[in-house]
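Each residue of the sequence shown is one higher than the one before, starting from 1154 at the first, in the numbering used here.
In what follows, a structure is listed as structure tokens, so that the remarks can point back to it.
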Amino acid sequence: MSWRLPFATCKLPTNVTLTMASVLLLSVHSGIFVSDLYHFAISQRFDLMSFPSTTVLLFSQVLSFYLALLGALYSMGAKDNVLKTFALTSLVTNFAAFFGRFCLEYLTLEYRQEVY
């Protein structure tokens, strides 16, 4: 008797898994980015922005972009055009989110309170 019999296993293709992981991270980053954009442009409460976690945010956005890139590369070999379009859309939106975060961080350099 195999050990897999009592468990329900679900195998997803690699390109779907990578693309969905990047979309999940993209949704988290979009929420944080919209919150920071609101506090920067509308309420002008710079103390509520995500300055302490800038390094973690940029690192996780690079990870999300890398996952989207791998998902797009894996889906290029597949014959599924819907998956290919979804993976490329995820790649472009991840790049746009990273570029938007980078520009926002550059604009808010003078409002930071760095403590060493």
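Virtual Cβ for every residue (Gly too), placed ideally from N, Cα, C.
Buried or exposed (CB count within 10 angstroms, at least 16 for buried), residue i
i     : result
T1172 : buried
L1220 : buried
S1175 : buried
Q1197 : exposed
A1194 : exposed
G1224 : buried
L1244 : buried
S1206 : exposed
L1260 : exposed
Own chain residues within Cβ distance below 6 Å of residue i, not counting five before or after
i     : result
S1228 : N1168, L1236, K1237 and A1240
R1265 : F1204
M1202 : D1189 and H1192
Residue i: first and last residue of the uninterrupted alpha helix (DSSP H) it sits in
i     : result
T1167 : T1167 to A1194
Sequence-distant residues of the same chain with beta carbon closer than 7 Å to residue i, five excluded per side
i     : result
G1253 : F1186
E1258 : T1207
Under the three-state DSSP convention, the category residue i falls into
i     : result
S1217 : helix
F1204 : coil
Neighbourhood of residue i by C-beta, 8 Å cutoff - its chain only, sequence neighbours within 5 removed
i     : result
Q1214 : L1178, H1182, N1247, A1250, F1251 and R1254
F1218 : S1175, L1244, N1247, F1248 and F1251
S1180 : none
Can you check the stretch 1219 to 1267 for any beta strand (DSSP E) of at least 3 residues that lies completely inside it and give the ranges in chain order?
Counting only runs of 3 or more, we get nothing.
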